[in-house]
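Take a look at the structure set out below.
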Amino acid sequence: MSEQVFPVPDHWAETAKITEAEYHERYARSLADPEGFWSAESQRIDWIEPYETVKDVSYHEADFRIGWFLGGKLNICANALDRHLETLGDTPAIIWEPDDPDTPGRTLTYRELHEQVCTFANVLKANGVEKGDRVTIYLPMIPEAAIAMLACARIGAVHSVVFAGFSPEALAGRIEDCQSNIVITADEGLRGGKTVPLKANVDAALEKVEVGRVIVYRHTGSDVDFHAVRDVWWHDAMEVAAPLCDPVTMDAEDPLFILYTSGSTGKPKGVLHTTGGYAVWTSMTHEYVFDYRPGQVYWCAADVGWVTGHSYVVYGPLINGATQVMFEGVPNYPDHSRFWQVVDKHKVEIFYAAPTALRALMREGDDWVTRTDRSSLRLLGSVGEPINPEAWDWYHRVVGERRCPIVDTWWQTETGAAMITPMPGATALKPGSASRPMFGVQPALVDPEKGTLLDGATSGALVITDSWPGQMRTVYGDHDRFFQTYFSQYPGYYFTGDGARRDEDGYYWITGRIDDVINVSGHRMGTAEVESALVEHPLVSEAAVVGMPHEVKGQGIYAYVTTNAGTEDSEDLRKELVQWVRKEIGPIATPDILQFAPGLPKTRSGKIMRRILRKIAENDMSNLGDTSTLADPAVVDDLVANRPQ
Ligand code: 6R9
């Protein structure tokens, strides 16, 4: 653990919106007088009709409910676009930087973005989409992704964005779960010079599940199969659609979007967010965490397929009238300077990325960074996984030249936006600590076994003791699963699934998931999901998947596989199984190590002892613990002896 503390730089202490004193004053007020605090913060949103009740929440089973700004009416798309037209109409909203630096980018002003969104909203309507319908979006990082999302929000349709790296199988499952009747995609995506066959993936998915309409954006221009009745070209539809479309009036608690995320059990769950609270929450956190003022160039490098792309590429920044870079590519293409070249090209002031990208770049040496200028950078952010002190130091010292504070923001798909995070003018930084709670957030640590609250400097399971406006409202189609997953372990609290330590200054240090979720390159993956993909293979009888430390990805995937009797555990089969998982879920789920296991360590009651599998995966054989309770202790010796190096 790093003992270093970086005080707030003088310039930030003098100019920031939230200073240290203000942080404490506002945080205290947000807890003591939530009505007053949120009434003031809600003014950042244009309400069509004012709400009657700020908050109506109970985390208890008998009267479980979560509601914010009840009775309020608004349209989040109008908040992100229409209201900026007068003051920021000609200001760039999205500066799109393509995968290949030698092809032209695009800039959309707020006026242009508004026109595109209105036109596409009419396209959706012309294709039968109505308020409340679910719309699946499977697009690369192009402005059309934001346009499609905002067009849904404009007419009250619920978008479900599926990350363009997911497989046809994963896409089909998500279309089916939310019963969406329309998919918006592109011919192909481009990443690091390679094409991603998006339309072909959609076609493959639609062999398993049916939809009425597919709208296809022509991006690379390559030939794709076209189904005459079902498929529509984006540009053809836009040509005949009107450029004006009134935003519909939405209730604060009307659904805004579903985003599937991995949990510790079963299929990915559809995290559902609603409109009013999410609008206030993303806008407020974006403003304070990044100290954002219109005119500054902001760049969040996350994909719109993840929650960070929803809250900090689309909604938060646009509600705040930001000018932002949207990047199609990857950090190491054409070379390891790309991030910093884009920073220089667009004079980026605020840059927000995941530690995995930083670790990958850090390995390539400082020269890729130092040969670029980066003098525009003022603030750096980190999200998605714990940032190790070495990567923090490199980000701070080499990328930010010790001039830029780093906001290490802890949050989740479920929380909508940043929950525990520094603010540049308010928080002395400790490398590796997400520091202190956002206004209105009450984190606590509980004893993982007893569920009792722990005081002072200690470690435990991280819970949040009361609601905040951007909290998810349900698991789509399974409200009971929502309660069971998050509110049943520690009654009265929201359980995050993370472990954390709190130090003597009240700073939180997130230590990672304590459930069966692993975090691969900042992407959540349920071990159960990878296991069920493996056992679907005809030659696999059983599989157990655990996380292992990985230098770049944070965690890698280690799979133990038992094949059917009589199967030859060959190198070819190993490769085939690795490919199988890629195909079933997507490249992000590719096992890093796949070990054939004639037997898995089980208790006499048949429970797999994951603790032992984790130790072997970590290559820590010294500490396998007590194996005497196992049904067959010899299987452990076999796994240790045959661990692939
Ligand atoms: C926003 C996002 C959530 C999980 C979360 C935690 C990990 C995210 C973190 C962090 C340590 C941070 N996580 N940010 N851990 N420090 N700053 O990533 O959402 O994809 O749902 O992942 O990611 O384990 O529980 P999501």
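Numbering-wise (the UniProt record's numbering), the sequence shown opens with residue 1 and increments by one.
For every residue, glycine included, the Cβ atom is placed at its ideal position computed from N, Cα and C.
Taken atom to atom, the span from the alpha-carbon of Ala543 to that of Asp46 is near 52 Å.
Excluding its 5 nearest sequence neighbours in each direction, Pro98 has C-beta neighbours in its own chain below 6 Å: Gly105, Glu328, listed in chain order. In the three-state reduction of the DSSP assignment, Cys118 falls in the helix class, which pools H, G and I. Judged by the Cβ position, Trp281 fails to qualify as a neighbour of the ligand 6R9 at the 7 Å threshold, every heavy atom of the ligand being at least this far. With contact defined as three or more Cβ pairs closer than 8 Å, the segment 276–294 and the segment 467–474 are in contact. Counting only beta-carbon distances shorter than 7 Å to the non-hydrogen atoms of the ligand 6R9, the qualifying residues in chain order are Thr261, Trp306, Val307, Thr308, Ser382, Val383, Gly384, Glu385, Pro386, Ile387, Asp408, Thr409, Trp410, Trp411, Gln412, Thr413, Glu414, Ala434, Thr496, Gly497, Asp498, Ile510, Gly512, Arg513, Asn519, Gly522, His523, Arg524. Contact check between the segment 392–409 and the segment 429–446: three or more CB pairs, one atom from each, fall below 8 Å, which counts as touching. By the neighbour-count criterion, in which a residue is buried when 16 or more other Cβ atoms sit within 10 angstroms of its Cβ, Pro317 is buried.
Each residue's CA atom was taken as its position, placing Trp299 and Ala426 some 22 Å apart. Listed in chain order, the non-local C-beta contacts of Tyr312 below 7 Å within the same chain comprise His286, Cys300, Ala302, Tyr352, local neighbours out to five positions each way being set aside. Under the DSSP assignment, His273 falls in the beta strand (DSSP E) whose first and last residues are 269–274. The secondary-structure analysis by DSSP pairs Met284 with nothing; it has no beta-bridge partner. In this structure, DSSP gives Lys602 an extended state, which the three-state scheme calls strand. The C-alpha of Asp569 is placed about 44 Å away from the C-alpha of Gly416.
Per DSSP, reduced to three states, the secondary structure at Leu445 is strand. Counting the other Cβ atoms within 10 Å of the Cβ of Glu253 gives 16 or more, which makes it buried.
Rounded to the nearest angstrom, the gap between the Cα atoms of Thr103 and Leu190 is 12 Å. A direct Cα-to-Cα measurement between Arg611 and Glu449 gives close to 16 Å.
The segment 155–169 and the segment 251–265 touch, with three or more beta-carbon pairs separated by less than 8 Å. The secondary-structure analysis by DSSP pairs Gln179 with nothing; it has no beta-bridge partner. In this structure, the beta-carbon distance from Thr413 to Val307 falls below 8 Å. For Gly499, the enclosing beta strand (DSSP E) stretches over residues 494–502. Between the alpha carbons of Gly305 and Leu150 lies a distance of about 14 Å.
Secondary structure at Leu150: helix, using DSSP grouped into helix, strand and coil. DSSP places Ser532 within a helical segment (H, G or I) once states are collapsed to three. The shortest CA-to-CA distance from Thr282 to any of Ser222, Ala121, Met419, Arg371 is the one to Met419. Scanning its chain for C-beta atoms nearer than 6 Å, with the 5 sequence neighbours on each side dropped, one finds around Val57 the residues Ile66, Ser467, in chain order.
The residues Phe483, in chain order, have a CB closer than 7 Å to that of Glu61 in the same chain once the five nearest residues on each side in sequence are set aside. Lys55 sits buried, since 16 or more C-beta atoms from the chains shown fall within 10 Å of its C-beta.
Every alpha helix (DSSP H) stretch that sits fully inside the segment 448–525 and reaches 4 residues is listed by chain position as 479–487. Of the candidates Phe596, Gly497, Arg26, the residue whose Cα lies closest to the Cα of Val540 is Phe596. Excluding sequence positions up to five before and after Ala237, its CB lies within less than 6 Å of the CB of Val123, all in the same chain and listed in chain order.
Ile464 is positioned such that its CB atom lies closer than 8 Å to that of Tyr494. In this structure, Leu70 sits away from Ile48, with a CB-CB distance that is not shorter than 8 Å. Note on geometry: alpha-carbon atoms of Asp505 and Phe339 lie some 34 Å from one another.
With the rule of 3 Cβ pairs closer than 8 Å, the segment 199–218 counts as touching the segment 167–177.
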